[in-house]
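To start, the structure under review is shown below, and the notes come after it.
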């Protein structure tokens, strides 16, 4: 994801889209509210594009929708100052801990990997605290 974040950061700089070096949920001004609504709308649009590709069995549309969602997600993280790569690392480590007692994956019949007894969710709050992003829920 590192290269994706760098590419989106370059895009946002070229097109004067805000990048926050400090974690913040833009909420204080009407333009902050508009920016958040835009981020949500863009992600929704790209998700709908992905779903349309799935419905049409159109691999190009699926790939485009997925790439566009990654782009929007990275851009949103940059706009909010979220250390997404570090958060992703913690989530990845937590997901890799979803092995059963014998070290084998626990998978439901529909293919979803399940959580073994004693599994702990990722400590995202800890990462956010390290980067000065956490003020509690």
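Numbering (our numbering), first residue to last: 21 to 157. All C-beta atoms in this analysis are idealised placements derived from N, C-alpha and C, irrespective of residue type, glycine included. Since the model is a prediction, treat every value here as computed from it, not as a measurement.
Inset, instruction - Give the DSSP-derived three-state secondary structure of residue 50 in the structure shown. - result: helix
Legend entry - Enclosing alpha helix (DSSP H) for residue 78 [first to last residue]: Premise fails: residue 78 is in no alpha helix (DSSP H) and is neither H nor E.
Inset, instruction - Pick helix, strand or coil for residue 119, following the three-state DSSP scheme. - result: Strand at residue 119.
Legend entry - Span separating the alpha-carbon of residue 118 from that of residue 80: Approximately 32 Å between the Cα atoms of the pair.
Legend entry - Euclidean distance between Cα positions of residue 78 and residue 69: 11 Å
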